[in-house]
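Asks: Let me begin by handing over the structure; questions about it come next.
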Amino acid sequence: MFPEKLDNANVLYYTPKDNYGYIYYDNGEIADHINYLAICKYANQKEECYLFKCDENYEVVGDSLWSSIEECMKVANSSYEGNIIWIDVATL
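Numbering of the sequence shown is given in the numbering used here, commencing with residue 18 and proceeding in unit increments.
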């Protein structure tokens with residue numbers, strides 16, 4: 018089951034496990050595999066959301082801040098070459 022919080026941020030949406038690419042060291046070697054994407058929000062944020070990149074153990078290995086949930090989804094779709102399937106935590 019996907020965690021309700023990542024790095025103390027509330028998970029709003031997440032993806033099924035898949036291969037979403039890699040995080041690289043400066044020398045070009047693979048640092049981590051990206052197996053999940055998650056859209057999260059900290060309690061003190063109003064509209065801004067984070068797009069978290071997570072490994073197979075749900076550890077955050079990368080993040081980026083965007084102005085809205087919709088912008089996170091748009092960036093993920095354009096960055097990961099396809100129509101990402103998002104699971105809405107509120108509907109579970």
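For each residue, glycine too, the CB sits at the ideal point set by N, CA and C.
Just checking, does the stretch 72-79 make contact with the stretch 87-105 on the three C-beta pairs under 8 Å criterion?
Replies: No, the stretch 72-79 is not in contact with the stretch 87-105.
Asks: What three-state label does DSSP hand ALA60 in the structure shown?
Replies: The answer is coil: DSSP assigns ALA60 none of H, G, I, E or B.
Asks: Assuming contact is defined by CB atoms lying nearer than 8 Å, are LEU29 and CYS71 in contact in what I supplied?
Replies: no
Asks: Can you look up ASN52 in the DSSP assignment and give me helix, strand or coil?
Replies: coil
Asks: Going by DSSP, name the residue or residues bridged to TYR39.
Replies: HIS50
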